[in-house]
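> Protein sequence lines correspond, in order, to chains Y and X.
The opening position of the first sequence corresponds to residue 1 in the numbering used here, with each subsequent residue numbered one higher.
The opening position of the second sequence corresponds to residue 117 in the numbering used here, with each subsequent residue numbered one higher.
No residue lacks a Cβ here, since even glycine has one placed at the ideal position from N, Cα and C.
Mind looking over this structure? Questions follow.
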Amino acid sequence: AQKVTQAQTEISVVEKEDVTLDCVYETRDTTYYLFWYKQPPSGELVFLIRRNSFDEQNEISGRYSWNFQKSTSSFNFTITASQVVDSAVYFCALSPIIQGAQKLVFGQGTRLTINP
Amino acid sequence: DTEVTQTPKHLVMGMTNKKSLKCEQHMGHRAMYWYKQKAKKPPELMFVYSYEKLSINESVPSRFSPECPNSSLLNLHLHALQPEDSALYLCASSQGTGNQPQHFGDGTRLSIL
Numbered sequence: 001a002q003k004v005t006q007a008q009t010e011i012s013v014v015e016k017e018d019v020t021l022d023c024v025y026e027t028r029d030t031t032y033y034l035f036w037y038k039q040p041p042s043g044e045l046v047f048l049i050r051r052n053s054f055d056e057q058n059e060i061s062g063r064y065s066w067n068f069q070k071s072t073s074s075f076n077f078t079i080t081a082s083q084v085v086d087s088a089v090y091f092c093a094l095s096p097i098i099q100g101a102q103k104l105v106f107g108q109g110t111r112l113t114i115n116p
Numbered sequence: 117d118t119e120v121t122q123t124p125k126h127l128v129m130g131m132t133n134k135k136s137l138k139c140e141q142h143m144g145h146r147a148m149y150w151y152k153q154k155a156k157k158p159p160e161l162m163f164v165y166s167y168e169k170l171s172i173n174e175s176v177p178s179r180f181s182p183e184c185p186n187s188s189l190l191n192l193h194l195h196a197l198q199p200e201d202s203a204l205y206l207c208a209s210s211q212g213t214g215n216q217p218q219h220f221g222d223g224t225r226l227s228i229l
């Protein structure tokens, strides 16, 4: 069985603070994909990053960075110098590698509020 | 604006009504998905179409009937729904290779009276 745990239900910080969203996953597969999605109040899920299980390199994209550690089954997401526009629900998700489509398993999500 | 378009944005229907949700994408994606999302919960996968064929049905009740008329369109036909079916219904699409991210629409917010 596959499972994604986002232990932080809600986080509230003041603008310009750094914030880290935790994600821990469970899978018996040796190959898989991990994702982070952002869901603003408008409802759509916005893709942020995909990482496959072969690639443990950390990634930075502007103010966003991701730390993938296979040894601890974690895929954490850090926002540096947070802004009010970062307020949203963030989902971590896991998918096995299957042909033709994905079967995403989402964590419960972390509601992030950035206060001015 | 998202590249996956869902209509209608909002739908209120009675338990005896029949209605359909529509999803359209023009990115050439060959996999399309329906998700159900209750308030303060993550999306739950309902159906997956791969190359216009139903490849995954997550034991969804038969009152939900998906249809994929062509590679750009995905419908979800609704009949005799229950109040607990009230939710945000999200459509997504991805390239048919299995390793590309899904692109989501804004969703249809469905209320069952």
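Measure the Cβ-Cβ separation of Trp66 of chain Y and Phe54 of chain Y and say whether it is below 7 Å.
No, the pair does not count as a contact, with Cβ atoms beyond the cut-off.
> Could you pull the start and end residues of the beta strand (DSSP E) that Arg51 of chain Y belongs to?
Run containing Arg51 of chain Y: 46-52, per the beta strand (DSSP E) assignment.
> Using a Cβ-Cβ cut-off of less than 7 Å, list which residues of the segment 150-167 of chain X approach chain Y; keep chain order.
For the segment 150-167 of chain X, which is checked against every Cβ of chain Y, the residues closer than 7 Å are Pro158, Pro159, Leu161, Val164, Ser166, Tyr167.
> Check for me: the beta strand (DSSP E) holding Asn191 of chain X runs from which residue to which?
Unbroken beta strand (DSSP E) run through Asn191 of chain X: 189-195.
> On a Cα-Cα basis, can you pick out the residue from Y:Ala101, Y:Ile49, Y:Thr31 that is closest to Lys38 of chain Y?
If we check each option's Cα against that of Lys38 of chain Y, Y:Ile49 comes out closest.
> What three-state label does DSSP hand Ser71 of chain Y in the structure shown?
DSSP places Ser71 of chain Y in helix when its eight states are reduced to three.
> Taking only three categories from DSSP, how would you classify Pro182 of chain X?
DSSP places Pro182 of chain X in strand when its eight states are reduced to three.
> Are there 16 or more other CB atoms within 10 angstroms of the CB of Glu44 of chain Y, so buried, or fewer, so exposed?
Answer is buried; the Cβ neighbour count reaches 16.
> Output yes or no for whether 7 Å exceeds the beta carbon distance between Thr113 of chain Y and Ser12 of chain Y.
In this structure, Ser12 of chain Y lies closer than 7 Å to Thr113 of chain Y by Cβ.
> Could you tell me which chain X residues have their CB closer than 9 Å to the CB of Gly109 of chain Y, listed as they occur along the chain?
Ordered by position in chain X, the residues that pass the 9 Å Cβ test against Gly109 of chain Y are Lys156, Lys157, Pro158.
> Under 7 Å between the Cβ atoms of Leu34 of chain Y and Leu94 of chain Y?
Cβ atoms of Leu34 of chain Y and Leu94 of chain Y: closer than 7 Å.
> Taking the alpha-carbon positions, what's the Gln102 of chain Y to Tyr64 of chain Y distance?
Near 24 Å, if we compare the C-alpha coordinates of Tyr64 of chain Y and Gln102 of chain Y.
> Enumerate, from N- to C-terminal direction, the unbroken alpha helix (DSSP H) stretches of 4 or more residues contained entirely within the segment 9-49 of chain Y.
Qualifying alpha helix (DSSP H) stretches: none in this window.
> Closer than 7 Å by beta-carbon distance: list the chain B residues that pair up with Ser171 of chain X, in chain order.
No chain B is part of this structure, whose protein chains are labelled Y and X.
> Please name the residue, chosen from Y:Ser74, Y:Thr72, Y:Val46, Y:Ala81, that lies closest to Gly62 of chain Y on a Cα-to-Cα basis.
It is Y:Ala81.
> Taking the straight line between their C-alpha atoms, what separation do you get for Glu168 of chain X and Trp36 of chain Y?
If you take the alpha carbons of Glu168 of chain X and Trp36 of chain Y, they lie about 27 Å apart.
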